[in-house]
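**Student:** If you want the numbering used here, it's the 1-based position in the sequence shown plus 7. Even for Gly, the Cβ is constructed at its ideal location relative to N, Cα and C.
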Amino acid sequence: MKILLAYSSKTKNTKKVAEAIYEQIKDQAEVDLLDIKKQRKKLEKEYDFYILGAWTDKTNANKNMQRFIDQQQIHNKDVALFLTCGVPSDHYHADDSINNYIAFMEERNNRIHETFVCQGKVDPKVIIVFKILTWRDPNFIHKMTPDLADMVKESRSHPDIKDLSDAQDCFDNLLNYKITHATV
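#1: Of all the options Ile-81, Ser-96, Gly-93, which has the alpha carbon lying nearest to the alpha carbon of Ile-119?
#2: So is Gln-46 buried or exposed if we call it buried at 16+ other beta carbons inside 10 Å?
#3: Here's the rule: buried if 16 or more other CB atoms are within 10 angstroms of the residue's CB, otherwise exposed. What is Asp-154?
#4: Looking at Val-38: is its Cβ nearer than 9 Å to the Cβ of Asp-170?
#5: Can you list, in chain order, the stretches of the beta strand (DSSP E) that have 3 or more residues and sit fully within the stretch 12–46?
#6: Going by C-alpha to C-alpha distance, which of Glu-53, Phe-89, Glu-121 sits closest to Met-8?
#7: Quick check on Ala-110: buried or exposed, where buried means 16 or more other Cβ atoms within 10 Å of its Cβ?
#8: Since Leu-50 is in the beta strand (DSSP E), which residue starts that stretch and which ends it?
#9: What is the residue span of the alpha helix (DSSP H) that Val-129 lies within?
#10: In the DSSP assignment, what are the bridge partners of Lys-9?
#11: Rank Ala-13, Gln-126, Lys-84, Val-129 by C-alpha distance to the C-alpha of Glu-114 and give the top, closest one.
#12: Quick one: grab the DSSP three-state call for Arg-115.
#13: Are the beta-carbon atoms belonging to Glu-51 and Leu-88 less than 9 Å from one another?
#14: From the DSSP secondary-structure annotation, give me the bridge partner or partners of Asp-85.
#15: Where does Ile-76 fall in DSSP's three states?
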């Protein structure tokens, strides 16, 4: 089985998760690990399965990943998705984000086999923007409240060892199942 494990990372959160997944699955299949910012042209190789990781932007996979998916014509494919975001994985923002990523992929007729969401540290520039926009508009959706400040503080330690282990287990289990049942 040929697998493309491609990721888009801004603060190295998604890169850490992608590398952890790669280390876990590299001996189970032919796996290519790709940082999409280094990919400027159409991939020459065809893959049986795609694992696509992105950081969250506006409750979806970031625009670089979305553009990559369309430029590489990752349509009608078997895929698994993972996201990193600044909130805990059980937060409504994480749910909205992965659901929007799934919808984006399903609009391209992809078959989603697995998803994984992991908290990651928030880009400090985003916090500055949130503070400015909160000051300008007290009803700003990401108003800097004490709760949000606490989540941002908590996010600094993520992805942690448990997050990376959970990602490895998730994709290891998926591939073991797929190989055992030969559905790809």
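**Tutor:** Result, derived from the coordinates:
#1: Ile-81
#2: exposed
#3: exposed
#4: In this structure, Val-38 lies away from Asp-170, with their beta-carbon atoms at least 9 Å apart.
#5: Complete beta strand (DSSP E) runs here, min 3: 37–42.
#6: Glu-53
#7: exposed
#8: First-last for Leu-50: undefined, no H or E at that position.
#9: Taken as a continuous stretch (DSSP letters only), Val-129 belongs to no alpha helix (DSSP H), as it is neither H nor E.
#10: Glu-37
#11: Lys-84
#12: coil
#13: In this structure, Glu-51 keeps its C-beta atom at 9 Å or more from the C-beta atom of Leu-88.
#14: Partner(s): Arg-118.
#15: helix
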